[in-house]
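Q:
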Amino acid sequence: MIASILARQSDRFADKTAIRCGPLEVTYGQLNARVAATAERLGALGVGEGDKVAHLSFNDISFFELLFACSRLGAVLVPINFRLVADEIVYQLANSEADVVVHSADFGEMVEAVKPRADAVRHWVESGPQGLAPDAAPQARQGNERRAPDACLLMIHTSGTTGRPKAAMLSERNLLATAQNQIADFPLTRDDITLTCAPIFHAGGSLICTLPLLLIGGTVILQKHFDPGEVGRHLVEDGVTCMFAAPAMWQALIGELEERGATAPSLRLCLSGGAAETERSMRLFRKMFGVALMQGYGLSECSSTSTVLRAEDAEARLGSVGKPMMTNRLRIVHPDGRDIAPGEVGEIIQSDDTVMLGYYKDESATRQSIRDGWLHTGDLATIDEDGFVYIKGRLKEMIISGGENIYPAEIEQLLNTHPGIADSAVVGVPDARWGETPMAFVVPRPGEDLDPSDVIGFCKAHLASYKKPSRVLVVDALPRNPSGKVKKFELRAGIAPQD
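Take the sequence shown: its position 145, counting from 1, is numbered 145 in our numbering, and each next residue is one higher.
(1) My parser needs the beta strand (DSSP E) runs of 3 or more residues fully inside the segment 170-251; what are they?
(2) To the nearest angstrom, how far is it from the Cα of PRO138 to the Cα of LEU269?
(3) Does DSSP classify GLN130 as helix, strand or coil?
(4) Take VAL308 as the anchor and find which of ILE456, ALA168, LEU42, ASN328 has the nearest alpha-carbon.
(5) Applying the criterion that 16 or more other CB atoms from any shown protein chain within 10 Å of the CB defines a buried residue, is GLY204 buried or exposed?
(6) Identify the residues that DSSP records as bridge partners of HIS418: which are they?
(7) Can you grab the Cα-Cα spacing for the pair ASP499 / ARG471, in whole Å?
(8) Is LEU330 near VAL389, with beta carbons less than 9 Å apart?
(9) Does the Cβ-Cβ distance between PRO10 and GLY29 come in under 9 Å?
(10) In three-state terms, what does DSSP make of LYS323?
(11) Taking the CB atoms as reference points, tell me whether SER297 and ASP185 lie closer together than 9 Å.
(12) Taking 8 Å as the cut-off, does the CB of SER71 come closer than this to any heavy atom belonging to the ligand PLP?
(13) Using 10 angstroms around the beta-carbon of ALA140, count the other beta-carbons present and answer buried if the total reaches 16, otherwise exposed.
(14) Helix, strand or coil for SER303 per DSSP?
(15) Nearest to VAL474 by alpha carbon, out of GLN130, VAL85, ASP454?
(16) Check each candidate in GLY50, PHE107, ASN32 and name the one with the smallest Cα separation from GLU65.
(17) Quick check for students: name the residue ranges of the beta strand (DSSP E) that lie wholly in the segment 401-468, counting only runs of 3 or more.
(18) Hey, out of LYS392, TRP434, GLY420, LYS488, whose CA is closest to PRO444's CA?
(19) Which residue from THR417, LYS487, GLY273 puts its Cα closest to that of ALA248?
(20) Kindly indicate the opening and closing residues of the alpha helix (DSSP H) around TYR28.
(21) Would you kindly work out how many angstroms separate the C-alpha atoms of VAL220 and LEU357, rounded to a whole number?
(22) To the nearest whole angstrom, what separates the beta carbons of MET294 and ASN181, a pair I think is in contact under 8 Å?
(23) I need the boundaries of the alpha helix (DSSP H) containing ARG331, first residue and last residue.
(24) Alpha carbon to alpha carbon, what distance is there between ALA113 and ALA148?
(25) How is the beta strand (DSSP E) around MET155 delimited, first residue to last?
(26) I need the DSSP call for VAL90, collapsed to helix, strand or coil.
(27) Find out if the Cβ-Cβ distance for the pair LEU77, HIS55 is shorter than 9 Å.
(28) Relative to the alpha-carbon of ALA120, which residue among CYS152, ASP51, LEU67 has its alpha-carbon at the smallest distance?
(29) Decide if VAL486 is buried, meaning its Cβ has at least 16 other Cβ atoms within 10 Å, or exposed.
(30) Ends of the beta strand (DSSP E) at GLY296?
(31) Assuming LEU375 contacts ILE340 under a Cβ cut-off of 8 Å, what Cβ separation, rounded to an integer in Å, is found between them?
(32) How would you call ARG394, buried or exposed, if buried means at least 16 neighbouring beta carbons within 10 angstroms?
(33) Assign VAL85 to one of two classes, buried (16 or more other C-beta atoms within 10 Å of its C-beta) or exposed (fewer than that).
(34) Quick check: what's the CA-CA separation for MET1 versus LEU271?
(35) Under 8 Å, with one C-beta from each stretch per pair, do the segment 204-214 and the segment 227-236 reach the 3-pair mark?
Written as structure tokens, this is what we have:
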């Protein structure tokens, strides 16, 4: 499967740079050899069909060496969020039933804190610049060249915006389907160079542009962790042609490059996802770089990408996440399963080769999510007459106030047009009269002094009265997970009751 594809590319492009990470530059021939050594080392540790290999590191070449090695062995890679504390890492290791943990030296102290509480882990292995050199001792297992395409290869813990994360099981078929869609629809070519600065433990960092380019012979520049100044340097000096980032990352980058007056002469394909991009950022981006910032929609359970707003449509369809990608099958439905009409709001459901196998060790959650072959995403959207999709928020976040449905995303999109607001989030709060009303959390732009009553008045001038926030709280920042999504359950937990 993907390991055999890499082997073919190593024959075709043996001397071409596959991955560059800091001072380390690895060609396709070298990458394939490192993958073989990694598979041999894991095999010597007893890793085989269905065994789980956890990975704890900043963005690093070892992730892809492990991914391709697991493909050879029939094993499963479990990326661990490097921003987690010890308690959370212990949970993810237990939840995934990890057999082996591979970690970088950066996390040696964390590993020592986690080890005594992770008894099920059989081996702890530190990776270095040379990868996982095989031990001389036990005989390594042979690679499983005929593993089933629907066997799990990658287990990604979901963002956990509503509580503890679940482990979405992605197969080789899932990864190949999302790669195929991106190669066709973005499009991607082997001449492309992508800069990967989004965290690769998340589907956005590892599966958008990055893995697809490795499968077709492109080049990946891995940034250890996101740094706007370093991103700007790579864009200027290294001929980067395509890049994915979350909206907060793009906004930081825009500010950095605007201040320096820098350009990105080779950049042709810029993708934003994980949260709603602001119209201001999209317009400023086009003005600065001469290319469109393409908005997309996707989720870990669907291998990263489901829709994309193409560059040629970006200006006319601001606010849309575009149309389904080449093989993606999406519907937007009422609670009774009927397709909505244009302008109505319904839930996005999806059924195609990118949809996960299910949640690991959670049959109940899997049955609730995948019904009659369709994944119920929990995301609310509308569709226009031309088939363009507009996200309205999460089904569980929908606010019902006095019998009226209120979609937080609609209010947030308006708040983000306010000249004094840099970021916003809206949640429902209990109300004795109406059942629920919206409450807004707003982050001011530098130097701005926001008055909550003025913000409410701004909303009242542009929205039906029942949609305006009943309360506005000015905060320094919003709590976000690594994919850029606001952790609204944390906002709700911190709301003081009103007298």
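Virtual Cβ for every residue (Gly too), placed ideally from N, Cα, C.
All values reported here derive from a predicted model rather than from experimental measurement.
A: Concretely, from the data shown:
(1) As far as the segment 170-251 is concerned, its whole beta strand (DSSP E) runs of at least 3 residues are 193-196, 219-222, 242-245.
(2) Translated into the one-based positions of the sequence shown, residue 138 becomes position 138. Translated into the one-based positions of the sequence shown, residue 269 becomes position 269. A caution first: PRO138 carries a pLDDT of 39, below 50, which makes its placement in the model unreliable, though a value can still be read off. C-alpha separation (whole angstroms): 47 Å.
(3) Working through the sequence shown from its first residue, we reach residue 130 at position 130. The answer is coil: DSSP assigns GLN130 none of H, G, I, E or B.
(4) Start at 1 with the first residue of the sequence shown, and residue 308 comes out as number 308. Among ILE456, ALA168, LEU42, ASN328, the Cα nearest to that of VAL308 is on ASN328.
(5) On the sequence shown, position 204 is the one that residue 204 refers to. By the neighbour-count criterion, in which a residue is buried when 16 or more other Cβ atoms sit within 10 angstroms of its Cβ, GLY204 is buried.
(6) On the sequence shown, residue 418 is found 418 positions in, with the first residue counted as 1. According to DSSP, HIS418 bridges with nothing at all.
(7) To locate residue 499, count along the sequence shown from 1; it is residue 499. To locate residue 471, count along the sequence shown from 1; it is residue 471. Caution is warranted here: a pLDDT of 45 is assigned to ASP499, below 50, making its placement in the model unreliable, and the coordinate value is therefore given only provisionally. Using only the alpha carbons, I get a separation of about 13 Å.
(8) For the purposes of this step, residue 330 is taken as residue 330 along the sequence shown, with counting starting at 1. For the purposes of this step, residue 389 is taken as residue 389 along the sequence shown, with counting starting at 1. In contact: LEU330 and VAL389 (Cβ atoms closer than 9 Å).
(9) By one-based count along the sequence shown, residue 10 stands at place 10. By one-based count along the sequence shown, residue 29 stands at place 29. According to the sequence shown, residue 10 is Ser rather than Pro. Contact: yes.
(10) The residue given as residue 323 occupies position 323 in the sequence shown. Here LYS323 carries a strand assignment [DSSP, helix/strand/coil].
(11) By 1-based counting over the sequence shown, the position of residue 297 is 297. By 1-based counting over the sequence shown, the position of residue 185 is 185. At residue 297 the sequence reads Tyr, which differs from the Ser that was named. No.
(12) Because no ligand of any kind appears in the structure shown, any question about the ligand PLP cannot be addressed here.
(13) Here residue 140 refers to the residue found at position 140 when the sequence shown is read from its first residue. Confidence in ALA140 is poor, its pLDDT being 40 and thus under 50, which makes the residue's placement too unreliable to answer from.
(14) Translated into positions along the sequence shown, residue 303 becomes position 303. Reduced to three states, the DSSP call for SER303 is coil.
(15) One-based indexing of the sequence shown puts residue 474 at position 474. Checked all of GLN130, VAL85, ASP454; the closest Cα to VAL474 is ASP454.
(16) As a working mapping, residue 65 is identified with position 65 in the sequence shown. Ranking the options by Cα distance to GLU65, first place goes to ASN32.
(17) 404-406, 421-431, 435-444, all fully within the segment 401-468.
(18) Counted from its first residue, the sequence shown places residue 444 at position 444. Closest option to PRO444, judged by alpha-carbon separation, among LYS392, TRP434, GLY420, LYS488: GLY420.
(19) Walking along the sequence shown from the start, residue 248 turns up at place 248. The candidate whose alpha carbon is nearest that of ALA248 is GLY273.
(20) One-based indexing of the sequence shown puts residue 28 at position 28. Judged by DSSP secondary structure, TYR28 falls within the alpha helix (DSSP H) whose first and last residues are 28-44.
(21) Translated into positions along the sequence shown, residue 220 becomes position 220. Translated into positions along the sequence shown, residue 357 becomes position 357. Straight-line Cα distance between these residues: approximately 28 Å.
(22) Within the sequence shown, the letter at position 294 stands for residue 294. Within the sequence shown, the letter at position 181 stands for residue 181. MET294 to ASN181, Cβ: 14 Å. No contact.
(23) On the sequence shown, residue 331 is found 331 positions in, with the first residue counted as 1. Not the alpha helix (DSSP H): ARG331 falls in the beta strand (DSSP E), residues 330-333.
(24) Indexing the sequence shown from 1 puts residue 148 at position 148. Indexing the sequence shown from 1 puts residue 113 at position 113. ALA148 and ALA113: Cα-Cα distance of roughly 37 Å.
(25) For the purposes of this step, residue 155 is taken as the residue at position 155 of the sequence shown. Unbroken beta strand (DSSP E) run through MET155: 152-157.
(26) Residue mapping note: residue 90 aligns to position 90 of the sequence shown, counting from 1. Per DSSP, reduced to three states, the secondary structure at VAL90 is helical.
(27) Counted from its first residue, the sequence shown places residue 77 at position 77. Counted from its first residue, the sequence shown places residue 55 at position 55. LEU77 places its beta carbon less than 9 Å from that of HIS55.
(28) As a working note, residue 120 is residue 120 in the sequence shown. Ranking the options by Cα distance to ALA120, first place goes to ASP51.
(29) Residue mapping note: residue 486 aligns to position 486 of the sequence shown, counting from 1. Its Cβ being crowded by 16 or more others within 10 Å, VAL486 is buried.
(30) Sequence index remark: in the sequence shown, residue 296 carries index 296 (1-based). In the DSSP annotation of this structure, the continuous segment of the beta strand (DSSP E) that includes GLY296 starts and ends at 293-297.
(31) Translated into positions along the sequence shown, residue 375 becomes position 375. Translated into positions along the sequence shown, residue 340 becomes position 340. Not confirmed; about 17 Å, so no contact.
(32) Position 394 of the sequence shown, counted from the start, is the residue given in the question as residue 394. Label assigned to ARG394: buried.
(33) As a first step, residue 85 must be located in the sequence shown, where it is residue number 85. VAL85 comes out exposed.
(34) What you label residue 1 is simply residue 1 of the sequence shown in a count that begins at 1. What you label residue 271 is simply residue 271 of the sequence shown in a count that begins at 1. Note on geometry: alpha-carbon atoms of MET1 and LEU271 lie some 27 Å from one another.
(35) Using a Cβ-Cβ distance cut-off of 8 Å, the segment 204-214 and the segment 227-236 are not in contact, since fewer than three pairs of beta carbons, one from each stretch, lie closer than that value.
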